[in-house]
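What follows is a short report on a single structure.
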Amino acid sequence: TGGNFKVLGTPTKEEIRSMNSNYMEFKFPQIKGCQWKKIFRNKTPEDAMDFIARTLAYTPSKRIAPLEGCAHTFFDELREESSKLPNGGGALPPLFDFTSHELSLEPELLEKLIPPHAKAADGQKLPGKRR
6 TGGNFKVLGT PTKEEIRSMN SNYMEFKFPQ IKGCQWKKIF RNKTPEDAMD
56 FIARTLAYTP SKRIAPLEGC AHTFFDELRE ESSKLPNGGG ALPPLFDFTS
106 HELSLEPELL EKLIPPHAKA ADGQKLPGKR R
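Positions 6 to 136 (my numbering) are the ones given, in order, by the sequence shown.
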């Protein structure tokens, strides 16, 4: 928790309530968080910092949902047909083998989650393809 505070700062009363209301009276050390740019420096892409910030939000309802995270722009490179493993490692393993249940949770993300080349390679992968 102390490490989180150093980065995110001390959570507000509302954030504490949303995480665990049993700790409302606990006195956390008051620490001011720092900006992601200071932690990751200039070499980190904006979409990477956005993904991390949305993943590590104190308030559960403000965190990025799992499938929304998979569809985040940070992972766009993995959806490119020409993507390969680094250092000459060859083709990427199957990354778009979502279950029909997973795809039914947020159908509006289907087009973003499964790129056209993966749909074509899997025979127009649509919900119901895999159980």
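Beta carbons are placed, not taken as given, at the ideal position from N, Cα and C, and that holds for glycine.
| query | With a Cβ-Cβ cutoff of 8 Å, do Glu30 and Tyr63 count as a contact? | reply | no
| said: Please identify the residue among Lys37, Ala76, Arg46 whose C-alpha is closest to the C-alpha of Thr60. | reply: Ala76
| message | Quick check: what's the CA-CA separation for Leu70 versus Phe101? | response | First, the amino acid is wrong: residue 70 is Ala here, not Leu. Their backbone Cα atoms lie some 17 Å apart in a straight line.
| CB of Leu72 within 8 Å of CB of Leu114, strictly | yes
| Tell me, which residues are paired with Lys124 by DSSP? | For Lys124, which the question treats as bridged, DSSP gives no partner whatsoever.
| query | Which same chain residues, not among the five before or five after Lys89, have their C-beta less than 8 Å away from its C-beta? | reply | Gly95, Ala96, Leu97
| Does the distance from the CB of Gly74 to the CB of Gly38 come in under 8 Å? | no
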